[in-house]
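*Asks:* In my numbering, the protein residues as written are 2 to 169.
#1: So, do the stretch 69–78 and the stretch 8–25 have three or more beta carbon pairs nearer to each other than 8 Å?
#2: Are residue 138 and residue 51 close, meaning C-beta to C-beta below 9 Å?
#3: Any heavy atom of the ligand HEM inside 8 Å of the beta-carbon of residue 139?
#4: Fully enclosed by the stretch 17–88, which beta strand (DSSP E) runs are 3 residues long or longer?
#5: Would residue 156 pass as a contact of residue 108 if the rule is Cβ separation under 9 Å?
#6: To the nearest whole angstrom, what separates the beta carbons of residue 206 and residue 74, a pair I think is in contact under 8 Å?
#7: Compute the Euclidean distance between the alpha carbons of residue 2 and residue 133, then round it to the nearest angstrom.
#8: Quick test of the definition: if touching needs 3 or more C-beta pairs under 8 Å, does the stretch 91–105 touch the stretch 146–155?
#9: Could you check what DSSP says for residue 12 in three-state terms: helix, strand or coil?
#10: By how many angstroms is the C-alpha of residue 161 removed from the C-alpha of residue 99?
#11: Do you know whose CA, among 150, 141, 164 and 148, lies nearest residue 38's CA?
#12: Under a three-way DSSP split, which group does residue 2 fall into?
#13: Which ranges does the alpha helix (DSSP H) cover as unbroken runs of at least 4 residues, wholly within the stretch 90–128, from first to last along the chain?
#14: Hey, how far is the Cα of residue 66 from the Cα of residue 125?
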C-alpha cells in the first residue's frame, strides 16, 4: 500500500475511502449556513470591527488548541495495539491523520478570513457597502461555525482515542 498525499485524499479519497472533503461538505453545511444567517442578523457590531476586536484572539486560541490535541492524538496512535484495532483497509491511516490536518486547514482558512475582515475586507464591491458588509459577515460567521465544529471534532476524537487506549 502506498502513502496517499493529502491533496489527493482531500479531493479524490483512497481506494476504499471517500474524498476527505466530505468531512466538511456534507448536509451539516445547512446548519452552519443557518448559524451564519442568525449571527449576521443578530449581532449588532460591524463584522469588520468584530473580527478585529474579538475574533482574531479567539482564532489564535483555536489553532493552538487543535494543534495541541492533534499532538495528543498522534501519541495515542503510536500505540501498536490501538493502531491495529483502528486502522484497516476500510479505514486507512490517511483518514485519521489527514482528518486532523483538514481540521487544522479549516481553522487556518478561518484565521486568514478573519485577518482580511479585521483589515477592512477586500476592495471588491458587488452590491453596496451595506449588503457587501452583511455578505462578508455571513461568510465570516459561516466559516467560524465550521472551524468550531472541526476544532471540537479534533478534541472529541482525541478523547475517544484516549478512552479506547485505556479500555484495551
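Backbone N, C-alpha and C define an ideal beta-carbon position, used for all residues, glycine too.
*Replies:* Considering the structure as presented:
#1: no
#2: Along the chain shown, one-based indexing puts residue 138 at 137. Along the chain shown, one-based indexing puts residue 51 at 50. Yes, they are a contact pair.
#3: With respect to small molecules bound, the structure shown includes none, and the ligand HEM cannot be examined in it.
#4: none
#5: One-based indexing of the chain shown puts residue 156 at position 155. One-based indexing of the chain shown puts residue 108 at position 107. Going by C-beta atoms, residue 156 is not nearer than 9 Å to residue 108.
#6: Since the first residue shown for the chain is 2 and the last is 169, residue 206 is missing from the structure and cannot be characterised.
#7: Translated into positions along the chain shown, residue 2 becomes position 1. Translated into positions along the chain shown, residue 133 becomes position 132. Its pLDDT being 48, under 50, residue 2 is placed unreliably in this model, and the value from its coordinates should be taken loosely. When rounded, the distance between both Cα atoms is 49 Å.
#8: yes
#9: On the chain shown, residue 12 is found 11 positions in, with the first residue counted as 1. Reduced to three states, the DSSP call for residue 12 is helix.
#10: One-based indexing of the chain shown puts residue 99 at position 98. One-based indexing of the chain shown puts residue 161 at position 160. Whole-angstrom Cα-Cα distance: 17 Å.
#11: One-based indexing of the chain shown puts residue 38 at position 37. It is 141.
#12: Within the chain shown, residue 2 is the residue found at index 1, counting from 1. Per-residue confidence for residue 2 stands at a pLDDT of 48, beneath the threshold of 50, marking its modelled position as unreliable; no derived number is given.
#13: 94–119
#14: Against the chain shown, residue 66 aligns to sequence position 65. Against the chain shown, residue 125 aligns to sequence position 124. If you take the alpha carbons of residue 66 and residue 125, they lie about 33 Å apart.
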